[in-house]
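Okay, structure first, notes after.
In my numbering, the protein residues as written are 13 to 218.
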């Protein structure tokens, strides 16, 4: 099955900055939850795998991990889980070494940049199971590997979002085409890369 790349801006909860965090150039984001996103997909908390990310825990600006400019890597992070939430705590590189990190850090402090975005390798997925109280029209990513996450600008490319919505629909159709009626896909592994996955977080999660 051909891999599909999906880019989605993420509306996340930027947690309140404490004096200690400001002194240490740190900020916390909720980078994932089990809230349904606008593309009718859900990343399950117990399906998250962080080992690969922890071997190279970078945070980029705008997912420019491919850039020749090393300053697009603006810091490193620690990732943890609190119940159904996945938390990314970023420490920004110092201003002298990385002027881009400094600019992003200042915008985070000012509340101008509040969004983040993850890249995840989807290992297993299935459609929702009504017997479990799930929406049968929603795609549940039940095993996924965090690759990276970035701080991103708001609504940077509406045309790209339209294309990504079409790709999400291709994923849904692929599951339906390969699943006999009333059969659950929970035991089947489907590999696909999903980048900058949009995870809409409720204000109630603050």
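Positions of the beta carbon are idealized from the N, C-alpha and C atoms, including for glycine.
Length of the line joining the Cα atoms of residue 139 and residue 185: Cα to Cα, residue 139 sits roughly 11 angstroms from residue 185.
Just to confirm, is the Cβ distance from residue 159 to residue 73 under 8 angstroms? Taking 8 angstroms as the cut-off, the Cβ atoms of residue 159 and residue 73 do not count as close.
Which word fits residue 40, buried or exposed, when buried means at least 16 other C-beta atoms lie within 10 angstroms of its C-beta? Residue 40 should be labelled buried.
Looking at residue 53: is its Cβ nearer than 8 angstroms to the Cβ of residue 46? Not a contact, by the Cβ cut-off of 8 angstroms.
Quick one: what's got a C-beta closer than 7 angstroms to residue 112's C-beta in the same chain, skipping five residues either side? Excluding positions up to five away in sequence, the list reads 73, 83, 84, 86.
For residue 143 and residue 43, what's the separation of their Cα atoms in angstroms? Roughly 28 angstroms separates the two Cα atoms.
Could you pull the DSSP bridge partners for residue 73 from this structure? Residue 73 pairs with 163.
Whose C-alpha, out of 150, 130, 151, 102, is nearest the C-alpha of residue 37? Of the residues 150, 130, 151, 102, the one whose Cα lies closest to the Cα of residue 37 is 102.
Let me make sure I understand the geometry here. Which of 48, 31, 28 has the alpha-carbon closest to that of residue 146? Nearest neighbour of residue 146 by Cα position, chosen from 48, 31, 28, turns out to be 48.
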